[in-house]
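Here the sequence shown stands for residues 1 to 789, where the numbers follow my numbering. Idealized CB from N, CA, C, for every residue including glycine. Quick notes on the structure that follows.
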Amino acid sequence: MSAQFASSSACPCPTPAPAPAEAVLPDDACIGRDLQGRIERWSPAAEALFGYAEQEVLGQGAELLLPESHRHESLWLAHRLAQGENILHLYTRRRHKSGQLLPVSLTARARRGADGRLLGFDKRYRRLGDECAIVRQLALEAGDFARLFARTPMPMCITRMTDGTVLALNTSFQDFMGRAQEELLGHRTLELGLWRSAGERNALLERLHREGRVHNAPLVVQLGRQAGPQDQREVLANIEPVTLGGQPCLYVLLNDISGWRQAERQLQRRDREFADLVDSASDAIVSIDARQRVSLFNRAAEQMFQVSAEDALGQTLDRFIPGEWRSRHAALVQQFIDSGAEARRMGSGRVIHGCRADGSVFPIEASISRVGQGESLRLTVVARDVSQAKAAEQDHLARIAAESASQAKTAFLSRMSHELRTPLNAVLGFTQLLLSGRQDPLSQAQVRQVELVQQAGWHLLALINDVLDLSRIEGGQLRVEARAIDPIHCLQEALALAMPQAQASGIALAGPAPDADLPVILADPLRLRQVLLNLLSNAIKYNRAHGEVRLSAQRQADGRLQVQVCDNGLGLTAEQLQHLYEPFNRLGRERSHTEGTGIGLVLSRELMRLMGGELQLHSTPGQGTCVTLWLPTAPAGTPPAPPAAAPAPDAAAGTTADADWGGRVLYIEDNPVNQMVMEQLMARCPTVSLTCVDTGAAGLQAVAEQTPDLVLLDMQLPDMSGLEWLQRQAPAIAEGRLRVIAVSASAMSGDVAAARTAGAVDYWTKPLRLDQVVHDLAGWLRDPPAPTH
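Quick look at the structure:
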């Protein structure tokens with residue numbers, strides 16, 4: 001039977017629960033037993049089949065007919081019958097009085113009283129001439145399940161329940177055992193090393209009969225014949241009882257976890273090494289859980305606080321903080337937890353104190369980091385007693401730590417900005433194309449929907465820019481270019497940009513007349529517009545229904561220009577004003593539906609400071625808020641710099657065939673979506689011929705073959721960086737034969753400077769404003785590059 005079944009390398013489907021038994025045939029041996037297993041009915045056919053007379057068996061245990069190798073089959077049958085299942089044509093063996101094992105077909109059912117109570121079991125046996133019927137049954141049952149069994153990637157086999165003989169296996173089981181098929185089929189699993197002993201197999205069978213299945217039982221399988229540890233595999237065994245060809249079998253599935261176990265042991269070893277490292281550290285290291293209870297207390301902490309680790313574990317962190325500092329320290333720790341930050345240096349700008357067991361208070365320098373969230377949160381504090389440290393040493397260490405943290409934060413924000421700007425380029429690029437398309441115009445409803453998508457995209461971009469600006473300011477990396485400008489232009493521009501928001505919110509927005517006589521000021525026009533837009537946006541967002549916002553400006557007696565943004569909105573309380581300039585603190589407005597981040601006002605004040613100006617805010621609850629800016633004026637007679645030319649409102653809609661500019665443009669960009677945006681935009685400019693390539697090498701070849709008038713270069717290509725590409729084209733760039741505009745999702749000032757130093761004539765930051773792209777292209781393509789000699 002085993003050989004014939006193995007030839008299919010498959011497993012037949014487990015037999016479903018059978019229907020009630022059919023009519024009894026004259027030759028059926030009928031036997032009844034009670035709940036204790038004693039025989040209480042014995043038919044003449046049973047005497048003829050098994051050789052025992054009725055008086056010999058009545059009252060005897062059913063084990064009289066049961067071979068020792070089939071003991072587990074009997075337990076399995078009793079379990080299934082007690083569960084209310086019927087057994088139909090189970091192919092098995094029973095012992096004749098002479099000791100001969102007879103192949104029989106067993107049908108059984110539970111016998112119950114009128115009240116449903118289990119009374120016993122009735123069994124019916126039929127003599128089988130040989131195992132040919134079993135083999136035929138196996139062949140008939142093998143189907144789709146057999147193919148699934150053979151193709152399953154996890155090691156699987158089917159064994160006979162009575163003796164563990166392997167009846168079927170899949171390729172994965174053969175590969176796992178490392179033996180040929182003929183070395184596995186027909187052999188007992190105990191011989192093959194699947195169980196370490198007969199006792200282990202019997203224990204699993206007992207569990208199977210008790211629970212109905214075995215789930216994820218840990219085993220060690222011996223694969224080789226040398227019984228060496230190198231041939232052992234740790235597995236999780238799942239065992240299910242199945243009926244195969246009418247006989248009880250075991251469906252065994254193995255999950256090899258040797259690699260996982262090895263990794264776990266390595267992790268445990270590293271944990272021990274880490275524990276030793278922590279314990280040998282010169283700084284005190286204390287870990288606490290979400291409830292601020294101590295879970296780790298190293299030797300240095302014991303020495304610092306004069307408390308043993310045994311006494312410290314499970315205590316709250318407050319025990320090691322002086323009483324007058326506990327509430328503030330607990331609030332700071334909770335603020336750190338709520339902020340979601342991964343790490344924060346504690347002690348910079350504030351004094352942190354520790355308390356020893358004897359009550360003495362001492363200053364400490366500490367840092368805090370976190371892992372996990374919620375109940376799994378763990379905070380680790382690394383503390384150092386700085387009582388004897390010199391002030392200079394403290395300043396030096398603080399400066400190094402601040403610089404390191406700033407660099408790490410800058411690098412992180414740069415990467416995050418790049419990853420967010422790349423998809424935003426697609427979102428905003430296609431929305432601009434949809435809204436500016438003259439062909440296939442959108443319906444009014446579609447225009448509104450696309451405008452909402454675009455508005456959300458620009459809002460997200462503004463948030464990214466604000467976070468980057470704040471980080472640059474904190475790191476001392478933000479530079480402003482103060483120059484003489486006409487303030488009325490900035491004021492009018494800010495009003496125009498804020499007007500759609502005001503109209504959508506039902507807020508009246510007013511400002512100075514376009515011909516107002518104001519002095520020339522010294523400011524960065526881009527940053528001043530950013531400040532004004534932020535203040536106007538806040539005044540609109542936090543206003544009352546049908547409220548008012550007024551922008552005004554006038555010269556002061558001290559010569560400075562005063563600009564005010566005033567509203568009659570909600571106003572701020574005295575408590576809110578105390579936290580006004582805390583980054584990311586929205587002063588309770590985070591519970592409203594109004595968008596915001598809590599950094600706009602902080603950023604505006606810092607930008608004003610960098611421009612040599614000043615920002616002050618006055619507010620009354622229920623009456624409104626007034627923000628006042630003071631800006632330095634230019635010396636008398638200083639002419640204002642002309643404002644930058646703005647692109648035409650419909651520039652993104654394209655040009656006509658008779659435009660006075662055009663040429664060949666090469667776009668080196670590996671992102672196909674970004675290529676698509678540029679291709680669709682250039683399709684609206686018939687005087688421009690656009691070629692797109694996706695690698696730096698292809699871009700070098702295209703320049704050599706096509707001599708483009710302008711190259712748009714993505715600064716992060718798969719085969720080389722944009723800087724490397726510019727270096728390779730340095731001679732042509734230096735001679736004026738090649739003009740390159742860098743295009744990047746990085747807005748960091750260092751990246752911009754590096755690209756310009758390498759020869760880029762301009763730097764475009766994604767997401768692109770398509771009207772500005774067309775405007776800038778027109779400027780560059782009106783003047784061709786120097787001819788090639």
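- Burial check for residue 277: the Cβ neighbour count within 10 Å stays below 16, so the residue is exposed.
- DSSP, reduced to helix, strand and coil, places residue 338 within a helical segment of the structure shown.
- Ranking 328, 775, 49 and 83 by CA distance to the CA of residue 111 puts 83 first.
- Here the C-alpha atom of residue 253 lies approximately 18 Å from the C-alpha atom of residue 261.
- Excluding the 5 residues flanking it on each side, residue 488 has same chain C-beta neighbours closer than 7 Å at 512, 514, 516 and 518, in chain order.
- Counting along the chain, residue 488 sits inside the alpha helix (DSSP H) bounded by residues 487-505.
- Comparing alpha carbon positions, the residue from 482, 467, 423 and 483 closest to residue 454 is 423.
- Comparing alpha-carbon positions, the option among 510, 527, 507 and 633 lying closest to residue 560 turns out to be 633.
- Taking all protein chains shown into account, residue 163 has fewer than 16 neighbouring C-beta atoms within 10 Å of its C-beta and is therefore exposed.
- In the same chain as residue 205, and ignoring 5 residues on each side of it, the C-beta atoms closer than 6 Å to its own belong to 72, in chain order.
- Within the same chain, and ignoring the five residues on either side of residue 37 in sequence, the residues whose Cβ sits closer than 7 Å to its Cβ are 61 and 62.
- Within the same chain, 155, 156, 157, 184 and 254 come within 8 Å of residue 173 by CB-CB distance, once the 5 residues on both sides are set aside.
- About 3 Å separates the Cβ atoms of residue 663 and residue 709, confirming a contact at the 8 Å cut-off.
- Counting the other CB atoms within 10 Å of its CB gives residue 216 a total below 16, which places it among the exposed residues.
- Per DSSP, the unbroken alpha helix (DSSP H) holding residue 176 starts and ends at 171-177.
- When rounded, the separation of the alpha-carbon atoms in residue 716 and residue 208 is 60 Å.
- Under DSSP, residue 692 shares a beta bridge with 667.
- A Cβ-Cβ distance of about 43 Å is found for the pair residue 638 and residue 666, leaving them out of contact under the 8 Å criterion.
- Taken in chain order, the unbroken stretches of beta strand (DSSP E) that lie wholly in the region 725-764 and span 3 residues or more are 740-744.
- Listed in chain order, the beta strand (DSSP E) elements of length 3 or more contained wholly in the region 237-272 are 247-256.
- Residues 745 and 746 of the same chain have their beta carbon placed closer than 6 Å to that of residue 418, with the five preceding and five following residues left out of the count.
- Taken through DSSP and simplified to helix, strand or coil, residue 431 comes out as helix.
- Look at residue 61 here: in three-state DSSP terms it is strand.
- When the beta-carbon positions are compared, residue 464 and residue 523 stay at least 7 Å from each other.
- A Cβ-Cβ contact shorter than 7 Å links residue 659 with residue 687.
- When secondary structure is reduced to three states using DSSP, residue 34 falls in the strand class.
- Where residue 199 is concerned, the enclosing alpha helix (DSSP H) starts and stops at 198-211.
- In the three-state reduction of the DSSP assignment, residue 624 falls in the strand class, which pools E and B.
- For residue 674, the uninterrupted alpha helix (DSSP H) segment begins and ends at 672-682.
- Excluding the 5 residues flanking it on each side, residue 431 has same chain C-beta neighbours closer than 6 Å at 450, 453 and 454, in chain order.
- For residue 733 against residue 759, the beta-carbon gap comes to about 4 Å, under 8 Å, which counts as contact.
- Of the other Cβ atoms in all chains shown, 16 or more fall within 10 Å of the Cβ of residue 214; this residue is therefore buried.
- In this chain, the beta strand (DSSP E) harbouring residue 509 covers 508-510.
- Counting the other Cβ atoms within 10 Å of the Cβ of residue 202 gives fewer than 16, which makes it exposed.
- For the pair of segments examined, the region 315-333 was found to touch the region 291-298: the number of CB pairs separated by less than 8 Å reaches three.
- In the three-state scheme derived from DSSP, where H, G and I count as helix and E and B as strand, residue 466 is classed as helix.
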